[in-house]
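Enquirer: Submitted below is the structure of interest, expressed as structure tokens.
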Amino acid sequence: MPILLFCTALEAKPFIPEVLAVELSRDIELFALAESRTVEGDFKTELRDGESFTTDFIGASEEDCQTWALEQMKHHKSVESQLIAIADERLASDQTIIMQYYNEGPELEFPPYGTLPPENNKWYSFRIKYKDAFAFDAALSFGAFDVVFPTYFGRKDVLTDEQGIFDVQRAEKMSVSNDGIGETSE
Numbered sequence: 008m009p010i011l012l013f014c015t016a017l018e019a020k021p022f023i024p025e026v027l028a029v030e031l032s033r034d035i036e037l038f039a040l041a042e043s044r045t046v047e048g049d050f051k052t053e054l055r056d057g058e059s060f061t062t063d064f065i066g067a068s069e070e071d072c073q074t075w076a077l078e079q080m081k082h083h084k085s086v087e088s089q090l091i092a093i094a095d096e097r098l099a100s101d102q103t104i105i106m107q108y109y110n111e112g113p114e115l116e117f118p119p120y121g122t123l124p125p126e127n128n129k130w131y132s133f134r135i136k137y138k139d140a141f142a143f144d145a146a147l148s149f150g151a152f153d154v155v156f157p158t159y160f161g162r163k164d165v166l167t168d169e170q171g172i173f174d175v176q177r178a179e180k181m182s183v184s185n186d187g188i189g190e191t192s193e
């Protein structure tokens with residue numbers, strides 16, 4: 008199911024067709040563009056060359072997007088129920104988007120990290136390269152929790168660089184080789 012994509016900055020708008028197309032060559036509709044706060048359940052999953060779009064989410068806060076997404080997720084089973092993507096002004100400069108994971112629960116323990124994610128009914132943010140969104144989605148939606156959660160939530164600080172970008176490729180390597188507990192060689 009596609010992930011709701013919010014465009015919250017004018018600077019990001021020219022890059023939205025590229026983000027929507029990231030997996031279309033493999034016939035995967037990864038994102039569903041949220042355009043209107045009032046029209047529910049009608050989301051574009053691609054934009055043709057030169058096709059324009061409007062959005063009511065320019066200037067919206069992360070919290071605005073989260074609240075609206077939760078309402079849509081309740082009523083429309085055609086979108087991903089735990090992930091959203093936010094294209095903010097940084098998309099234009101560093102090709103990153105904010106991916107947010109909503110943890111409904113249950114509480115799961117992962118020694119030595121404790122409960123991961125630590126709180127239920129809370130959004131967790133990861134700034135990633137938009138081209139890594141499919142791997143991010145696959146890990147958090149379909150990966151084994153006992154491997155993925157320690158890597159993505161327990162080692163998030165190690166996998167996030169000084170610009171705040173979470174390294175999905177490195178997380179994948181850690182998940183495969185060390186179950187998220189140890190460090191991998193570069």
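Just so we're on the same page, this note's numbering is the position in the sequence shown counted from 1, plus 7. Using N, Cα and C, we set each Cβ at its ideal position, and we do this for glycine too.
#1: Nearest to residue 75 by alpha carbon, out of 58, 61, 59, 93?
#2: Under the DSSP definition of a beta bridge, which residues are partnered with residue 130?
#3: In chain order, what residues of the same chain lie with their CB nearer than 7 Å to the CB of residue 115, ignoring the 5 residues before and after it?
#4: Going by the beta-carbon positions, is the gap between residue 42 and residue 15 smaller than 7 Å?
#5: May I ask which residues mark the beginning and end of the beta strand (DSSP E) holding residue 13?
#6: Contact between the region 23 to 34 and the region 123 to 134 is defined here as three or more beta-carbon pairs at a separation below 8 Å; is this criterion met?
#7: Given this structure, state the Cα-to-Cα distance separating residue 163 from residue 52, to the nearest angstrom.
#8: Within a Cβ cutoff of 7 Å, which residues of the same chain sit near residue 4, ignoring the five residues on either side of it in sequence?
#9: Report the three-state DSSP secondary structure of residue 116 (helix, strand or coil).
#10: If you reduce the DSSP assignment to three classes, tell me which class residue 190 lands in.
Expert: Once the coordinates are examined:
#1: Comparing Cα positions, the closest option is 93.
#2: Note: residue 130 is bridge-paired with 109 in the DSSP secondary-structure output.
#3: Residues of the same chain with a CB within less than 7 Å of the CB of residue 115, apart from the 5 flanking positions on each side, are 122, 123, 152, 156 in chain order.
#4: Pairing residue 42 with residue 15 gives a Cβ-Cβ distance that is not under 7 Å.
#5: Per DSSP, residue 13 is one residue of the beta strand (DSSP E) stretching across 10 to 14.
#6: Proximity of the region 23 to 34 to the region 123 to 134 falls short of the contact definition, fewer than three beta-carbon pairs being nearer than 8 Å.
#7: Using only the alpha carbons, I get a separation of about 29 Å.
#8: Coverage of the chain is limited to positions 8 through 193, which leaves residue 4 absent and any answer about it impossible.
#9: Under the three-state reduction of DSSP output, residue 116 falls in the strand class.
#10: Here residue 190 scores only 43 on pLDDT, less than 50, and its place in the model is too uncertain to base an answer on.
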